[in-house]
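Chemist: Numbering (my numbering), first residue to last: 15 to 167. Glycine included, C-beta positions come from ideal geometry on N, C-alpha and C. Nothing here was measured: the structure is a model prediction, and the numbers come from that model.
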């Protein structure tokens, strides 16, 4: 019985660790793909019927995230920059014009581990996750589609 426990506990820790690392990589790659799709959607000035461009971009990211993100979660961000000042975000509603830079990002997506990897021996479970995912996609807005003079943000 003692030998069985000495083998079982480290084996379970190893298996749990593999699941945690695999889920972290899956989450990161899925969210990165969703953010890239949102950026591609943004540069073409598409909108979902009844929504502005920013909400349409956020909805696209949420739809492509395989259920990991929601629009209401507040983790999806859309910012616009000019090429002359690529570090200063343009306040609404003047940013989404052709030639400007669009940045679609997911910030502070929490990774919840299966195993208590981040706590202490006294308190192995934490109420918040110490690891987060931050993903960004950036591109230059293309010209307006034919027949469109402006898109509401």
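How far does the beta strand (DSSP E) with residue 94 in it extend, from its first residue to its last?
Modeler: From DSSP, the beta strand (DSSP E) with residue 94 extends over 90-95.
Chemist: At what residues does the beta strand (DSSP E) containing residue 121 begin and finish?
Modeler: It spans 115-124 - the beta strand (DSSP E) in which residue 121 sits, taken as one unbroken run.
Chemist: Buried or exposed: residue 92, going by 16 or more other Cβ atoms within 10 Å of its Cβ?
Modeler: buried
Chemist: If you draw a straight line from the C-alpha of residue 53 to the C-alpha of residue 34, how long is it?
Modeler: 28 Å
Chemist: At which residues does the alpha helix (DSSP H) containing residue 101 begin and terminate?
Modeler: Note, residue 101: premise wrong, no alpha helix (DSSP H); not H, not E.
Chemist: Determine the direct distance from the alpha carbon of residue 25 to that of residue 17, and round the result to whole angstroms.
Modeler: 12 Å
Chemist: Within 10 Å of its beta-carbon, does residue 74 have 16 or more other beta-carbons around it, so buried, or fewer, so exposed?
Modeler: buried
Chemist: Which one of 123, 119, 126, 97 has the shortest CA to CA distance from residue 113?
Modeler: 97
Chemist: Indicate whether residue 126 and residue 67 have their beta-carbon atoms separated by less than 8 Å.
Modeler: no
Chemist: For a minimum of 3 consecutive residues, which ranges assigned as the beta strand (DSSP E) are wholly contained in the region 19-97?
Modeler: 90-95
Chemist: Note down the Cα distance separating residue 79 from residue 15, rounded to an integer number of angstroms.
Modeler: 45 Å
Chemist: Is it buried or exposed, residue 40, if we count other Cβ atoms within 10 angstroms and call 16 or more buried?
Modeler: The residue in question, residue 40, is exposed, as its Cβ has fewer than 16 Cβ neighbours within 10 Å.
Chemist: Using C-beta distances below 6 Å, list every residue in its chain close to residue 120, excluding the 5 sequence neighbours before and after it, in chain order.
Modeler: 45, 49, 89, 90, 149
Chemist: For residue 166, which beta-bridge partners are listed by DSSP?
Modeler: None, per the DSSP bridge assignment.
Chemist: Would you give the residue range spanned by the beta strand (DSSP E) that residue 110 belongs to?
Modeler: Looking at the DSSP string, residue 110 is not in any beta strand (DSSP E), and its letter there is neither H nor E.
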